[in-house]
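Protein sequence lines, in the order shown, are assigned to chains A and B.
Numbered continuously in the working numbering, the first sequence closes out at residue 388.
Numbered continuously in the working numbering, the second sequence closes out at residue 776.
2 protein chains.
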Amino acid sequence: MSRPVAIVGAGQSDYGDFPALTIKDLFAEAYDELVASIDRGYDPGDVDAAYVGNLGTGGAQLGLASALCTDYVGLDGIPVERVENACASGGYALVNAVEAVSSGERDVALAAGVEKMRDLSGDRSKYWLGVSGDTEYERLAGMTFAGVYAIMAQRYLAETDAAHDHLSMVAVKNHANGAANPHAQFQREIDLETATGAPAVADPLNLYDACPTTDGAACALVVPAEEAAAYTDDPVHVTGCGAASDALALHDRETITSVPAARLAAERAYERAGIGPDDVDVAEVHDCFTIAEVLAYEDLGFAERGRGWELIAEGVTARDGARPVNTSGGLKSKGHPLGATGIGQVVELFEQLRGTAGERQVEATTGLSHNVGGSGGAATVFVYEVGS
Amino acid sequence: MSRPVAIVGAGQSDYGDFPALTIKDLFAEAYDELVASIDRGYDPGDVDAAYVGNLGTGGAQLGLASALCTDYVGLDGIPVERVENACASGGYALVNAVEAVSSGERDVALAAGVEKMRDLSGDRSKYWLGVSGDTEYERLAGMTFAGVYAIMAQRYLAETDAAHDHLSMVAVKNHANGAANPHAQFQREIDLETATGAPAVADPLNLYDACPTTDGAACALVVPAEEAAAYTDDPVHVTGCGAASDALALHDRETITSVPAARLAAERAYERAGIGPDDVDVAEVHDCFTIAEVLAYEDLGFAERGRGWELIAEGVTARDGARPVNTSGGLKSKGHPLGATGIGQVVELFEQLRGTAGERQVEATTGLSHNVGGSGGAATVFVYEVGS
Chain A
1 MSRPVAIVGA GQSDYGDFPA LTIKDLFAEA YDELVASIDR GYDPGDVDAA
51 YVGNLGTGGA QLGLASALCT DYVGLDGIPV ERVENACASG GYALVNAVEA
101 VSSGERDVAL AAGVEKMRDL SGDRSKYWLG VSGDTEYERL AGMTFAGVYA
151 IMAQRYLAET DAAHDHLSMV AVKNHANGAA NPHAQFQREI DLETATGAPA
201 VADPLNLYDA CPTTDGAACA LVVPAEEAAA YTDDPVHVTG CGAASDALAL
251 HDRETITSVP AARLAAERAY ERAGIGPDDV DVAEVHDCFT IAEVLAYEDL
301 GFAERGRGWE LIAEGVTARD GARPVNTSGG LKSKGHPLGA TGIGQVVELF
351 EQLRGTAGER QVEATTGLSH NVGGSGGAAT VFVYEVGS
Chain B
389 MSRPVAIVGA GQSDYGDFPA LTIKDLFAEA YDELVASIDR GYDPGDVDAA
439 YVGNLGTGGA QLGLASALCT DYVGLDGIPV ERVENACASG GYALVNAVEA
489 VSSGERDVAL AAGVEKMRDL SGDRSKYWLG VSGDTEYERL AGMTFAGVYA
539 IMAQRYLAET DAAHDHLSMV AVKNHANGAA NPHAQFQREI DLETATGAPA
589 VADPLNLYDA CPTTDGAACA LVVPAEEAAA YTDDPVHVTG CGAASDALAL
639 HDRETITSVP AARLAAERAY ERAGIGPDDV DVAEVHDCFT IAEVLAYEDL
689 GFAERGRGWE LIAEGVTARD GARPVNTSGG LKSKGHPLGA TGIGQVVELF
739 EQLRGTAGER QVEATTGLSH NVGGSGGAAT VFVYEVGS
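In structure tokens:
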């Protein structure tokens with residue numbers, strides 16, 4: 001990055017089931033919280049570009065959701081665009097915002113995401129998720145996303161010493177965190193017995209291995225680090241940014257017990273930030289299914305290949321562990337409004353690194369977010385730092 | 389732009405009705421033509437980002453169409469993203485590519501677009517177009533895109549001395565150009581009587597005032613101007629780039645006889661290029677309906693407000709006129725594969741400015757492209773120059 005960039009404001013709507021709200025309402029709720037989070041000096045007229053992650057709002061607004069939302073909050077006339085890479089849409093919106101500002105192309109960029117999924121009935125919901133898989137080789141062959149991750153989980157359990165209980169422990173941990181997050185869709189703890197005994201979805205994954213469908217929005221304001229003092233005394237610096245892509249279909253990947261695009265994105269983010277996995281204090285990772293969080297530990301270098309499950313078994317990634325992961329509750333408990341998820345992760349880390357995470361607060365000066373599209377067709381990883 | 393950028397290769401698929409081809413096939417057809425258009429020195433491994441305009445492929449591949457296509461042509465691992473702003477998706481993909489390279493963030497960027505619309509039946513096709521309007525205030529109230537442009541046309545005909553025949557002349561001109569374009573969907577001339585006497589679609593617009601639905605893809609390779617000599621002796625320099633947004637719903641706009649976002653994008657592109665409308669030799673404009681081309685003349689400054697129709701009446705924008713517009717055939721005759729359209733315009737101007745447009749060749753050293761999303765919720769304008 002040619003000039004350092006910082007996040008000086010971030011906000012999100014409640015995540016949940018809001019039949020009476022449109023994507024404009026959800027977007028405005030997140031934007032209002034962002035504005036409130038900026039200590040001083042914010043002028044909407046200074047925003048010179050906006051990038052909105054969104055996966056189509058279940059068909060209700062397939063085109064121009066970008067301008068629909070930004071116009072609604074009064075950001076008129078500026079270049080805005082919808083960015084879509086399935087569940088990594090938010091992460092890629094942030095890539096665009098960070099690169100636009102770091103390169104000097106833009107001075108104040110809004111990265112946002114919004115999704116409304118709860119209006120969809122079960123079958124339509126599966127369709128809207130399935131169409132982010134490879135249509136020819138996966139969706140039309142009957143494959144669902146739960147099915148894809150189940151195949152990855154089956155193979156992982158066969159190749160390693162992990163058991164399904166370790167996957168359930170991810171759900172238990174993330175629900176414990178979500179219970180402390182007033183924005184979370186599920187604000188309740190669950191015990192291991194509940195998680196292990198839930199009805200099967202796609203063997204070995206059960207209901208508590210899967211994240212919910214969610215309505216929600218999130219946004220973050222990116223500025224040059226040298227301008228951050230105009231907005232706050234506590235900016236969060238984005239020191240690493242990595243993005244990558246891969247084949248959509250599982251059979252076309254180099255491996256199915258790792259997400260190569262996430263691994264590549266992590267390498268790029270670490271290299272740019274000049275840090276390694278051991279330097280990360282807190283992380284938000286893409287736990288669309290519990291197996292995905294365990295693979296993330298490995299893809300991010302928190303654990304060796306095949307040994308990620310040990311981190312959850314040993315409590316390392318719990319809120320009181322050595323490296324807390326998904327303090328927000330993660331996709332599992334906070335919720336997963338597709339296009340918003342990658343930006344919602346930023347909101348949690350913005351609060352953690354500034355010490356405003358309340359009951360969820362952990363000690364951290366370096367954070368990381370990890371956002372995966374589909375089953376790994378695209379991925380982004382960011383590193384955030386505060387202090388010097 | 390901090391460093392000048394150039395296009396060194398561009399290609400497109402045939403535009404038309406291809407039930408046997410997927411978006412991957414169409415994308416590959418365009419990419420192969422791009423590769424063939426590069427004189428020397430192209431290494432796919434040098435491409436370090438790709439931006440793919442697409443509006444959802446009629447629901448067949450709503451997520452990750454970006455990586456699906458780039459992976460298929462062997463561009464593995466790089467950051468790729470789908471960019472969507474309705475019919476300006478291609479234009480915005482080019483904005484991202486141009487800004488990524490001009491800012492120094494990327495060195496070789498692929499701007500692309502792809503769409504498959506002909507699989508949709510009439511009703512589904514209208515749905516897929518309608519969902520780029522304002523869902524609450526237009527689509528659910530029964531408004532179609534033809535309806536929106538008909539309102540604009542009604543008002544324009546009421547406020548100016550233009551008659552519907554002038555709109556029909558746009559269709560006649562563009563069909564004459566499309567007849568000379570081997571990639572065009574409609575390669576046939578029509579006479580004025582055919583155009584004026586066609587069945588009504590939305591009064592005053594009839595069938596020949598409307599562009600078709602189309603399958604197709606297009607792509608362009610953007611590099612730093614200082615590196616262009618490694619690829620060709622005849623680069624096309626992108627000297628101007630402007631993008632803007634606006635309210636989606638017509639009632640929310642400042643005017644309905646102009647497209648304010650296009651006007652703003654044009655101002656920005658001219659300023660960046662340091663030229664004015666009089667310097668433009670040839671243009672590709674967004675004629676989704678004939679009225680849109682007339683409004684484009686005015687929004688781009690080729691004519692004063694209310695007098696754009698005089699250009700078509702006087703033959704100024706004909707292929708043998710003083711300032712040819714839509715030498716490719718435009719959306720009307722070449723076709724309009726939504727996400728590909730903004731990049732397809734580049735392909736025509738790349739050929740015109742390099743003198744390889746064959747039967748359609750005009751004399752030009754400065755070109756302009758104009759791409760509008762929805763009825764004006766987003767727009768992009770680019771200026772291209774060759775020589776010194």
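A virtual CB, placed ideally from N, CA and C, is assigned to each residue, including glycine.
Quick caveat: nothing in here was measured; it's all calculated off a predicted structure.
Could you tell me whether the Cβ of residue i comes closer than 8 Å to any Cβ of chain B?
i                      : result
residue 92 of chain A  : yes
residue 326 of chain A : no
residue 345 of chain A : no
residue 253 of chain A : no
residue 371 of chain A : no
residue 215 of chain A : no
residue 60 of chain A  : yes
residue 258 of chain A : no
residue 80 of chain A  : yes
residue 245 of chain A : yes
residue 200 of chain A : no
residue 378 of chain A : yes
residue 227 of chain A : no
residue 144 of chain A : no
residue 248 of chain A : yes
residue 104 of chain A : yes
residue 264 of chain A : yes
First and last residue of the beta strand (DSSP E) that includes residue i?
i                      : result
residue 607 of chain B : 604-612
residue 625 of chain B : 624-633
residue 113 of chain A : 109-115
Quick one: grab the DSSP three-state call for residue i.
i                      : result
residue 395 of chain B : strand
residue 354 of chain A : helix
residue 16 of chain A  : strand
residue 403 of chain A : The requested residue 403 of chain A does not occur in the structure, where chain A is confined to residues 1 to 388.
residue 582 of chain B : helix
residue 440 of chain B : strand
residue 280 of chain A : coil
residue 148 of chain A : helix
residue 373 of chain A : strand
residue 303 of chain A : coil
residue 201 of chain A : strand
residue 346 of chain A : helix
With residue i and residue j assumed to form a contact (beta carbons below 8 Å), what rounded beta-carbon distance in angstroms separates them?
i                      : j                      : result
residue 649 of chain B : residue 767 of chain B : 4 Å
residue 492 of chain B : residue 245 of chain A : Actually they do not touch by this definition, with Cβ atoms about 22 Å apart.
residue 222 of chain A : residue 101 of chain A : 5 Å
residue 426 of chain B : residue 543 of chain B : Rounded, the Cβ-Cβ distance is 46 Å, inconsistent with contact.
residue 330 of chain A : residue 293 of chain A : 7 Å
residue 548 of chain B : residue 504 of chain B : Not quite, the Cβ-Cβ distance comes to about 38 Å (not below 8 Å), so this is no contact.
Label residue i either buried or exposed according to how many other C-beta atoms from any shown protein chain fall within 10 Å of its C-beta, with 16 as the threshold for buried.
i                      : result
residue 692 of chain B : exposed
residue 99 of chain A  : buried
residue 566 of chain B : buried
residue 355 of chain B : Residue 355 of chain B cannot be examined here, being either before or after the span of chain B that is shown, 389 to 776.
residue 314 of chain A : exposed
residue 641 of chain B : buried
residue 639 of chain B : exposed
residue 656 of chain B : buried
residue 118 of chain A : buried
Specify, as a first and last residue, the run of the alpha helix (DSSP H) that residue i falls within.
i                      : result
residue 479 of chain B : 477-490
residue 772 of chain B : No alpha helix (DSSP H) holds residue 772 of chain B; the beta strand (DSSP E) holding it covers 766-773.
residue 82 of chain A  : It is not in any alpha helix (DSSP H) - residue 82 of chain A instead sits in the beta strand (DSSP E) that spans 80-84.
residue 566 of chain B : 552-566
residue 35 of chain A  : 23-37
residue 548 of chain B : Segment: none, residue 548 of chain B is in no alpha helix (DSSP H) and carries neither H nor E.
residue 656 of chain B : 648-661
Against chain A, with Cβ distances strictly below 8 Å, would residue i count as a contact?
i                      : result
residue 473 of chain B : yes
residue 509 of chain B : no
residue 487 of chain B : yes
residue 778 of chain B : Given a span of 389 to 776 for chain B in the structure shown, any question on residue 778 of chain B remains unanswerable.
Does the ligand FMN have a heavy atom nearer than 7 Å to the CB of residue i?
i                      : result
residue 601 of chain B : Summarising the ligand content, the structure contains no ligands, and the ligand FMN is consequently not present.
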